[in-house]
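Protein chains in written order, with this note's numbering: chain F, 77 to 438; chain C, 821 to 1157. Glycine is no exception: its CB is placed at the ideal position from the N, C-alpha and C atoms.
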Amino acid sequence: MKYIDEYRNKVIIDKILEEINKWSKQRIKLMEVCGGHTMSIQRFGIPSLLPQNIQLLSGPGCPVCVTDRSYIDHLIALCRLDNVMICTYGDLIKVPGSTSTLERERASGRNIKIVYSVLDALQFAGTHKDLKIVFAGIGFETTTPATASAILMANKENLSNFFVLSAHKVMPPAMSALIDEGVQIDGYISPGHVSTITGSGIYEPFPEKFNVGCVISGFEPVDLLQSILMLVIQKETGKAKVEIQYKRAVKPEGNLKAKAIINQVFEMRDDWWRGLGILPESGLGISSEFEKFDAEKQFKVEIEPTREDKGCICGEILKGLKNPKDCKLFNKVCSPYNPVGACMVSNEGACHAYYKYRRLEL
Amino acid sequence: MKQDKILLGHGSGGKLMHELIEDVFFPAFSTQQTAFPSDSAVLTLENKRLSFSTDSFVVDPVFFPGGNIGKLAVCGTVNDIAVSGAIPMWLSAAFIIEEGFPLNDLKEIVKSMADEARKAGIKIVTGDTKVVNKGQCDKIFINTAGIGLLDIKNENIGNGSLIKSGDKILINGTIADHGMAIMKSREMKHFESNIVSDCACLNHLIAKLSKECEIHFMRDATRGGLATVTVEICQNKDYGVELIESQISVNEEVRGFCELLGFDPMYVANEGKFVLIVAEKDSEKALQIMKSDDLGKQAAIIGTINDNYKGLALLQTSIGGKRIIDMPAGEQLPRIC
Chain F
77 MKYIDEYRNK VIIDKILEEI NKWSKQRIKL MEVCGGHTMS IQRFGIPSLL
127 PQNIQLLSGP GCPVCVTDRS YIDHLIALCR LDNVMICTYG DLIKVPGSTS
177 TLERERASGR NIKIVYSVLD ALQFAGTHKD LKIVFAGIGF ETTTPATASA
227 ILMANKENLS NFFVLSAHKV MPPAMSALID EGVQIDGYIS PGHVSTITGS
277 GIYEPFPEKF NVGCVISGFE PVDLLQSILM LVIQKETGKA KVEIQYKRAV
327 KPEGNLKAKA IINQVFEMRD DWWRGLGILP ESGLGISSEF EKFDAEKQFK
377 VEIEPTREDK GCICGEILKG LKNPKDCKLF NKVCSPYNPV GACMVSNEGA
427 CHAYYKYRRL EL
Chain C
821 MKQDKILLGH GSGGKLMHEL IEDVFFPAFS TQQTAFPSDS AVLTLENKRL
871 SFSTDSFVVD PVFFPGGNIG KLAVCGTVND IAVSGAIPMW LSAAFIIEEG
921 FPLNDLKEIV KSMADEARKA GIKIVTGDTK VVNKGQCDKI FINTAGIGLL
971 DIKNENIGNG SLIKSGDKIL INGTIADHGM AIMKSREMKH FESNIVSDCA
1021 CLNHLIAKLS KECEIHFMRD ATRGGLATVT VEICQNKDYG VELIESQISV
1071 NEEVRGFCEL LGFDPMYVAN EGKFVLIVAE KDSEKALQIM KSDDLGKQAA
1121 IIGTINDNYK GLALLQTSIG GKRIIDMPAG EQLPRIC
């Protein structure tokens, strides 16, 4: 397939691996921030190809994984109201809340629909005027513009039955928090899709303040290996900087139009990240101008007290401090069939990717 | 979290469904578990063997590119019997129809069933019809059951006991066509594409192979896709499976849809593909037989049974890496067949 096969070409891969082997002398820890990267790295078996001194850590960039349990509890409380339909991306459906999941609520007859796009939710609102449609808005800068544009469209069409429960977040505060907490990282394999919106400017503080390089990477094996090579060269030459590997999609200035509509619809707020706690100015709430679409403000529901599972080390895994296999629940109590933590639920979660592709060292 | 209700995932063909069968159905029916939970039963009548299978079809939409629920209902059961090594002979057909369903649609469905049965050389000999109130089933559900004659020399093909290290694994063409054809017609109507379900009866191709080759195992790769069959083959066994990703073909448009929607084609349903395990000496011959048939033009040898990693299915990725192949956890796409 054009534009895919070129990036999975074994001849090119072998050349990049040869370069990596040539350059890489020191031990180096690289974190792939984005869950899409984690999945791709494991799916193609990339760790089995790298020299031993290069260690890849999975970061906090899976939106499902960092979403707090209380958010799921909030959605569950909403879905139990009369005439409410929850529209959600599929990954969220199995994430454990304190005492239930959306999947179990659906089996009990609640109206929960998996959508591929927020626009499907908007369409439902247009055709099902008797229902109140609540879209579960999660994700980073990648999905936020779509949610923002849906709210703008709902406003234009004067829809009164479309709402968003926002757990949208922005990426850089989490990346800084990890370094502040003392997590040893030599370089960030930086998120590709997020950066198509934000541009590369958001990463400038990392080399300047922390001497940590950032390479914005695509998602195919050639992309990821080339990004690893670029970070290895930065480390070996002592020059941490921001570079764009994913040039076919990312411009330094990002997508100005998308950034403008995010700013129009959302406002920054402090937000709770699973495993990382409250990070200042890291979440996006719906601004008061559009509060008639804000499910937080428009529905008064009682949310059950949050109960966390004991023994789950999702937090430390999200910070890259521990490996999924360090968790005593991994592959015993916790598996994709009975996920305890969100990292095991989401396809992009570190635990899920490890379970699916690397339960055993190959 | 303990499950106390049936979830959509229980019907997915993956791990949840296996648990349901093992925890609820097998103990209640005192089913004797064979080496492989199989889609058909081998019935013994003195020195004769029969293969018996049943399947229900609830696919949504009822009509899809490359077929409809009727064609699927015939092919599904014919294939379940054929992969056990038997020659499918007779079929039953039972219909549950929602009040208000268009009669012309029913006629079209029944005509495809008759056409497909004729092509497969089987007879539909008995049936049943129930109509339920509007809203009590979705349009039309069909159950088919079938009986096939099983040559005694083939009686172990379906139970997996013949598989051994060194055997070769083949598939008769591209994967993921059916699942993506359904997905396309259900969720992505606004996309133009030529994706067509691979729904087809495999019994004639399988009959040719049985005559010429030492077959050790066959299984149609339906719900749960190629990955699920691969895991089933070696789970709890003292051999493992290694597949080579670059040998597994996926149609370009299907690949595109999978990439777009985040599906791994290895997990997407097929309705006209089967995994064949043969003795190494016969692998090239089997490949040629497959390739000379219309239903096997893109057949390939995709892997080997080995004893390096016992009980594990591994994939050599297209870029030379290695990773595990696992069963899907739950619902990938409900009502795919």
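By a C-beta neighbour count over all protein chains shown, 10 Å radius and 16 as the cutoff for buried, is residue i buried or exposed?
i: C/GLU1052; result: buried
i: F/VAL421; result: buried
i: C/HIS1010; result: exposed
i: C/ILE945; result: Before going further, note that residue 945 of chain C is Val rather than Ile in the sequence given. C/VAL945 should be labelled exposed.
i: F/VAL288; result: buried
i: F/GLN310; result: buried
i: C/SER904; result: buried
i: C/LYS1093; result: buried
Please list, in chain order, the chain B residues whose beta carbon lies closer than 7 Å to that of residue i.
i: C/LYS835; result: Of the protein chains in this structure, namely F and C, none is chain B.
Starting from residue i, follow the beta strand (DSSP E) in both directions and report where the run begins and ends.
i: F/ARG180; result: First-last for F/ARG180: 178-183, but that is the alpha helix (DSSP H), not the beta strand (DSSP E).
i: C/ASP1040; result: 1035-1040
i: C/ALA1133; result: 1133-1136
i: F/HIS244; result: 238-244
i: C/LEU865; result: 861-865
i: C/ILE962; result: 960-970
i: C/ASN1126; result: 1120-1126
i: F/ASP347; result: 342-349
i: C/ASP875; result: 868-877
i: F/LYS208; result: 208-215
i: F/PRO297; result: Element bounds for F/PRO297: not the beta strand (DSSP E) but the alpha helix (DSSP H), 297-313.
List the residues of chain F that residue i touches, going by C-beta distances under 9 Å, in chain order.
i: C/ASP1146; result: PRO412, TYR431, LYS432, TYR433, ARG435
i: C/LEU1081; result: TYR192
Would you mind telling me which residues of chain F sit closer than 7 Å to residue i, beta carbon to beta carbon, in chain order?
i: C/THR874; result: Neighbours of C/THR874 on chain F: none; closest Cβ ~25 Å, over 7 Å.
Between residue i and the rest of its own chain, which residues show a CB-CB distance below 7 Å, the 5 nearest in sequence each way excluded?
i: F/LEU168; result: VAL140, LEU178, ALA212, ILE214
i: F/ASN237; result: ALA201, LYS205, LEU207, LYS208, ILE209
i: C/ILE1064; result: ILE1122, GLY1123, GLN1136
i: C/ALA1182; result: Shown here, chain C extends from 821 to 1157; a query on residue 1182 of chain C therefore has no answer.
i: F/LEU405; result: GLY387, CYS388, VAL416
Residues of chain C with CB under 8 Å from residue i, in chain order?
i: F/ARG103; result: Simply none; closest approach about 21 Å.
i: F/LEU125; result: ILE1139, GLY1140, GLY1141
i: F/ALA183; result: LYS825, ILE826, LEU827, LEU828
i: F/ILE89; result: ILE1139, GLY1140
Which whole-angstrom value is the C-beta distance of residue i and residue j, which I expect to be below 8 Å?
i: F/ILE227; j: F/ASN187; result: F/ILE227 to F/ASN187, Cβ: 21 Å. No contact.
i: F/PRO136; j: F/LEU352; result: 7 Å
i: C/VAL1049; j: C/VAL1095; result: 5 Å
i: C/ASP880; j: C/ARG1043; result: The pair is not a contact, with the Cβ atoms about 14 Å apart (cut-off 8 Å).
i: C/ALA934; j: C/ASN1023; result: In fact, because the Cβ distance is near 16 Å, the residues do not count as touching under 8 Å.
i: F/ASP149; j: F/ILE379; result: 5 Å
The alpha helix (DSSP H) spanning residue i covers which residue range?
i: C/GLU1032; result: 1023-1032
i: C/LEU1063; result: Looking at the DSSP string, C/LEU1063 is not in any alpha helix (DSSP H); the run it does join, the beta strand (DSSP E), is 1060-1064.
i: F/LEU228; result: 220-232
i: C/LYS943; result: Unbroken run through C/LYS943 is the beta strand (DSSP E), 943-952; no alpha helix (DSSP H).
i: C/CYS895; result: 889-902
i: F/GLN199; result: 194-203
i: F/GLY268; result: 268-274
Quick one: which chain C residues come within Cβ less than 7 Å of residue i?
i: F/MET77; result: GLU1072, ARG1075, GLY1076
i: F/ILE122; result: GLY1141
i: F/GLN118; result: ARG1143
i: F/ARG84; result: SER1138, ILE1139
i: F/ILE73; result: Missing from the structure shown is residue 73 of chain F; chain F here goes from 77 to 438 and no further.
Closer than 8 Å by beta-carbon distance: list the chain F residues that pair up with residue i, in chain order.
i: C/GLU1007; result: TYR192
By Cβ distance, which residues of its chain are closer than 6 Å to residue i, with the 5 residues on each side in sequence left out?
i: F/MET344; result: GLU357
i: F/MET107; result: LEU133, GLY135, ILE261, TYR264, GLY396
i: F/LYS373; result: GLU367
i: F/ILE190; result: GLY166
i: C/SER932; result: ASN888, GLY890, LYS891
i: C/TYR818; result: What the structure shows of chain C is the stretch from 821 to 1157, and residue 818 of chain C is not part of that stretch, so it cannot be assessed.
Less than 8 Å between C-beta atoms, sequence neighbours within five positions excluded: which residues of the same chain meet that for residue i?
i: F/PHE342; result: THR220, ALA224, SER242, HIS244, LEU360, GLY361, ILE362, SER363
i: F/ILE96; result: LEU126, PRO127, ILE130, LEU301, ILE304, LEU305, VAL308
i: F/ASP346; result: ILE354, LEU355, PRO356, GLU357, SER358, GLY359
i: F/GLU82; result: ILE88, VAL298
i: C/LYS1101; result: GLU1034
i: F/CYS410; result: CYS388, CYS403, VAL416, GLY417, MET420, CYS427
i: C/ILE1145; result: ALA1047, THR1050, VAL1051, VAL1061, LEU1063, MET1086, ALA1133, LEU1134, LEU1135
Anything in chain C within Cβ reach of residue i, meaning under 9 Å, just list it in chain order.
i: F/PRO139; result: Simply none; closest approach about 14 Å.
i: F/PRO356; result: By Cβ distance, chain C contributes nothing, its closest Cβ being about 32 Å from F/PRO356, past 9 Å.
i: F/PRO297; result: THR1137, SER1138, ILE1139, GLY1141
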